Structures are given as C-alpha cells and as structure tokens.
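Start counting at 1 in the sequence shown, then tack on 3, and there's your number in our numbering. Every residue gets a Cβ at the ideal spot worked out from N, C-alpha and C, and that includes glycine. It should be emphasised that the depicted structure is a prediction, and the values quoted were computed from it without experimental measurement.
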Amino acid sequence: MSFGIGSLTQQANQALSPLQQLQHDLLKQYQAASTGKRINSAADDPSGLAIATALQTQSAGFDQGSQNALNAGNALNVAEGALQTTTDALQSLRSLASQAVNDFLSPNDRQNLQAVANQLVRQINTDAQNANFNGTPLLNGTFGSSPATPPNATVTSNADLAGGSSLVSNVSAAPTAQAGTIGLSVVNNGTAVDVKFTDTTTGTTTDLGTQAPGSTVTVNGTTFTLGTTSNLDNGTTATIQVQAASTGSNAPNAQVQTGANEGATTAVALPNATSSALFIKNVDFSSSASATNAIGQIDEALTATTSARANLGAQGVAINNEINANNIASNALTSSASNIEDASAAQTSTELYKLVVQQQISLETLRNANSQFGFLNRFFNTGA
C-alpha cells in the first residue's frame with residue numbers, strides 16, 4: 004500500500020514541476036502581450052537587447068541632431084530677415100547718395116541729406132547688433148570667418164574719346180592702395196585731365212591737379228593710363244572706385260551637432276553686417292565728389308549683403324537636407340530595433356492560447372493526483 008501512496012506522490016510532484024514552468028512561460032507571454040515587446044529584460048534575449056539598444060541610441064542621436072539643425076535653420080532665417088532690413092536701408096542710402104550728386108544743392112540741402120544718411124547707417128548698426136537667436140548675436144562678427152581680400156580698383160564710368168579709345172585704361176591697385184574714388188575730367192580744351200581723389204575714410208576730396216593725356220598716373224596706390232584726348236573730348240569724365248585690402252576675420256563658425264555620432268557637426272557661417280564691416284561707416288554727402296564716392300561704397304555694401312543673404316540661404320538648404328537625411332536614418336533604425344524587440348501579435352496570441360490549454364491540463368492532472376492521494380490517505384488512516 005505504501006508503494007501506491009508513494010507512486011501517487013511522485014505523480015503529483017511530476018505534475019507540479021511542468022506546471023511551474025508553464026506559469027513562468029505564461030508570465031512571459033502575458034508580459035509580451037501587455038507591453039507589445041518580445042524583449043522585456045536582458046534575460047529574454049541578451050544579444051538582441053544589446054543590438055536593439057544600440058540602434059535606439061543611434062536613432063535618438065539622429066532625432067536630436069534634427070532638432071539642433073532645425074534650431075540652426077531658424078537662426079539663419081532670423082539673420083536673413085535682418086539682412087533684408089539692411090538691404091532696404093542700403094537701397095535708401097544709395098538713393099540719397101544719387102540725390103547728393105548735384106552741384107545745385109544748397110549747403111542746407113546737403114546737411115539734411117547727411118542727417119538722413121547718418122540715421123540709416125545707425126539703423127544698419129542697430130540691425131546688426133540686435134539680430135540674435137536665443138540671446139546669441141548673429142550679425143556682429145561673433146561667428147563666421149571671412150578671408151582677407153586684395154585691393155580692387157573698378158572703373159565705374161568711362162567716357163569714349165573722339166579718337167576711339169577710352170579716357171582711362173589699364174587700372175590696377177597696389178597692396179597699399181587707399182580706399183576712395185578717383186574722378187577724372189578732361190579740361191583745357193582737351194589738353195589735360197584733371198584728377199581728384201575722395202578718401203572713403205574721411206570723405207575729404209583732394210584736387211591732385213592736371214595730368215597729361217596718354218600718361219600713366221598713380222594716385223594713392225592705384226595706377227591707370229589716360230587716353231589721348233582732343234578738344235572734342237573736353238568735359239568728358241571717368242570714375243574709378245577703389246576698395247582697399249582687408250585683413251579678413253578669424254572668428255570661428257558656429258558649430259551645431261546635426262548627426263548621431265561624435266564630431267558629426269555642421270559649421271554655420273554668419274556675416275558681419277555692421278557699417279564698419281560693410282565699409283559705409285563714413286558716407287559723406289558734403290559735395291558731389293564725395294557723394295559719388297559714397298555711391299561706390301554703397302554699391303559694394305549692397306553686393307556684400309546680397310552675397311551674404313545668398314550664402315545664408317544656401318546653408319539653410321543644406322541644413323534642411325541634413326534634417327531629411329536624419330529623419331530617414333532615424334526611421335530605418337527605429338524600424339530595425341522594433342523588428343528585434345517587438346513581439347508578433349499573432350505569434351504571441353497563439354503561444355498564449357497554447358500555454359493556457361497546457362496549464363488547464365496540468366492543473367487537472369494535479370487535481371486528480373491530489374484527489375486520489377487524499378482518498379488513499381484517508382482509507383489507510385481509517386483502516387489503521
């Protein structure tokens with residue numbers, strides 16, 4: 004009889020062990036069904052967890068890079084908007100300069116024009132100083148290096164002479180050329196050319212006297228050749244605009260982390276849009292000669308501003324492309340991580356149903372074994 008009881012005990016223990024494993028498996032499946040994930044702890048799939056975590060880290064890096072790039076793009080938009088205001092001011096300033104090239108203006112007229120011009124220059128400086136993103140200045144030269152530029156002399160107007168040539172040719176600027184405007188005028192019935200120089204820095208116009216037609220002349224570092232004139236050319240003029248060499252700027256570009264990995268940064272270059280950087284700090288309308296020089300200064304400033312706006316726009320396009328690339332990479336990495344750690348709804352449901360059925364069978368087996376064991380135990384105890 005003891006053999007029968009021992010057999011039933013062994014049967015009950017054998018039924019209990021699979022039941023405990025079923026309970027463990029059921030818990031895992033219930034957890035997978037509730038979280039939607041196949042991997043809920045490192046024990047579920049150690050290598051899978053490591054790979055999925057690495058992929059998620061990369062994806063999060065790309066997402067943050069996109070956010071940083073978006074901020075950089077917004078900063079570029081603020082800078083470009085401020086430069087639009089600067090462009091408007093420069094265009095107004097040029098109109099004033101053209102108005103000032105008029106020998107019939109009274110001294111009071113010139114004072115009024117100069118007052119408006121000074122206000123526009125102050126406004127340009129205000130725009131450059133106030134343009135900021137989240138408190139970071141954008142247009143005062145804090146960010147964005149610029150290369151050194153050589154001196155440049157440009158013939159902005161040049162009369163055709165009766166003999167077939169031009170009043171001025173072969174213009175070149177030495178490294179020490181001074182910024183300003185050289186004004187040329189044929190005088191004395193075509194026997195001489197009067198030369199005047201207007202200094203950009205001071206606005207002062209100096210009459211350098213007359214030069215012989217056909218000669219080569221050097222004025223403050225700028226050399227040019229005069230054409231052969233005749234009495235038919237008397238009163239004709241030419242103008243040379245001279246830009247001095249600039250040393251450039253070594254200011255660093257703004258750095259923005261736009262990728263997922265260390266060092267995946269984008270450099271953002273921002274221009275210096277102050278009146279000093281644009282070489283219009285000292286526009287002078289006190290005479291027609293100085294106003295003519297101012298036109299050249301302002302034209303150069305407009306060219307620089309337009310080029311800066313184009314550069315900002317190009318950087319904005321590149322940043323948008325970076326954001327798009329980041330989003331594609333992030334989506335691909337997220338999808339890969341999901342394939343590794345997410346549970347299959349169909350597979351989880353099937354496995355869960357199978358385990359529930361097995362659990363019911365095991366419980367029924369255990370219940371039967373316990374029932375028989377209890378009956379025999381009462382029987383033998385009663386018999387005793």
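Within 10 angstroms of the Cβ of residue i, are there 16 or more other Cβ atoms? Answer buried if so, exposed if not.
i      : result
Ala387 : Residue confidence is low: Ala387 scores 49 on pLDDT, short of 50, so the model does not pin down where it sits. Its coordinate-derived value is still stated next. Exposed, by the Cβ-count rule.
Asp236 : buried
Pro153 : exposed
Gly166 : exposed
Pro274 : buried
Val190 : exposed
Ala317 : exposed
Ala53  : exposed
Pro49  : exposed
Thr308 : buried
Ser333 : buried
Asn192 : exposed
Gln110 : One detail in the question is off: residue 110 reads as Pro in this sequence, not Gln. So Pro110 counts as exposed.
Ala45  : exposed
Asp287 : buried
Glu265 : exposed
Thr203 : buried
Taking residue i and residue j to be in contact with their CB atoms under 8 Å, please state how far apart those CB atoms are, rounded to whole angstroms.
i      : j      : result
Ala131 : Val81  : Going by Cβ atoms, the distance from Ala131 to Val81 rounds to 12 Å, so no, they are not a contact pair.
Ser168 : Gly230 : 4 Å
Asn128 : Ser252 : Going by Cβ atoms, the distance from Asn128 to Ser252 rounds to 17 Å, so no, they are not a contact pair.
Ala272 : Asn256 : 5 Å
Gln246 : Asn161 : With 8 Å as the limit, Gln246 and Asn161 do not qualify as a contact, their Cβ atoms being about 18 Å apart.
Ala177 : Gly224 : 4 Å
Ala85  : Leu164 : Contact flag wrong, Cβ pair sits at about 46 Å.
Gln244 : Thr157 : 5 Å
Closest by CA to residue i, which one among the options?
i      : options                           : result
Ala75  : Asn115, Asn137, Ile42 and Ala103  : Asn137
Val222 : Asn234, Ser233 and Thr209         : Thr209
Ala196 : Gln181, Thr306, Ser109 and Gly212 : Reading off the sequence, residue 196 comes out as Val, not Ala. Closest option to Val196, Cα to Cα, is Gly212.
Ala270 : Thr194, Gly186, Val259 and Asn264 : Val259
Thr179 : Gln122, Pro150 and Thr250         : Thr250
Gly64  : Asp287, Gly319, Thr261 and Ile343 : Thr261
Gln126 : Thr139, Asn173 and Gln87          : Gln87
Ser188 : Ser218, Thr242 and Phe227         : Thr242
Leu99  : Arg312, Val320, Gln300 and Ser338 : Gln300
Ser172 : Gly266, Pro140 and Thr226         : Thr226
Gln67  : Ala267, Ser310, Leu305 and Ser338 : Ala267
Ser233 : Pro140, Pro216 and Asn121         : Pro216
Ala310 : Leu281, Ala248, Ala328 and Phe107 : In the sequence as displayed, the identity of residue 310 is Ser instead of Ala. If we check each option's Cα against that of Ser310, Leu281 comes out closest.
Ala304 : Thr159, Thr89 and Gly51           : Thr89
Gly319 : Asn115, Asn77 and Asn105          : Asn77
Grab me the residues of residue i's own chain with a C-beta within less than 7 Å of its C-beta, minus the 5 sequence neighbours each way, in chain order.
i      : result
Leu73  : Ile326
Asn330 : Ser69
Ala254 : Gly144, Thr145, Phe146, Gly147 and Ser148
Phe6   : Residue placement at Phe6 is flagged as unreliable, the pLDDT there being 46, under the threshold of 50; a coordinate-derived value is accordingly withheld.
Leu123 : Ala92, Ser95 and Leu96
Ser101 : Ile298
DSSP state of residue i, grouped into three classes?
i      : result
Thr56  : helix
Thr232 : coil
Thr239 : coil
Gly319 : helix
Leu211 : strand
Val124 : helix
Thr204 : coil
Ala294 : helix
Gln258 : strand
Ala195 : strand
Phe107 : coil
Gln181 : coil
Asp66  : helix
Ser175 : strand
Ser98  : helix
Ala15  : Here the model assigns Ala15 a pLDDT of 49, short of 50, so the residue's position is not dependable and the matter cannot be decided.
Val119 : helix
Val245 : strand
Ala156 : strand
Ser188 : strand
Ala388 : As displayed, the chain neither begins before 4 nor continues past 387, which places residue 388 out of reach and without an answer.
Ala272 : coil
Asn161 : strand
Thr221 : strand
Ser289 : coil
Leaving out five residues before and five after residue i in sequence, what residues of the same chain have Cβ atoms less than 6 Å from its Cβ?
i      : result
Thr201 : Gly183, Thr184, Thr208, Ala292, Ser293 and Asn296
Leu336 : Leu58, Gln61 and Ser62
Leu315 : Leu79, Ala82 and Glu83
Ala340 : Ala55, Leu58 and Gln59
Arg312 : Glu83 and Leu86
Ile322 : Ala72, Ala75 and Gly76
For residue i, which residues of its own chain have a beta-carbon under 8 Å away from its beta-carbon, when the five flanking residues on both sides are left out?
i      : result
Ser289 : Arg113, Gln117 and Gly206
Val220 : Val198, Gln214, Thr226, Phe227, Thr228 and Leu229
Ser175 : Ala156, Thr225, Thr226 and Phe227
Is there at least one Cβ from chain D nearer than 9 Å to residue i's Cβ?
i      : result
Ser169 : No chain D is part of this structure, which consists of one protein chain only.
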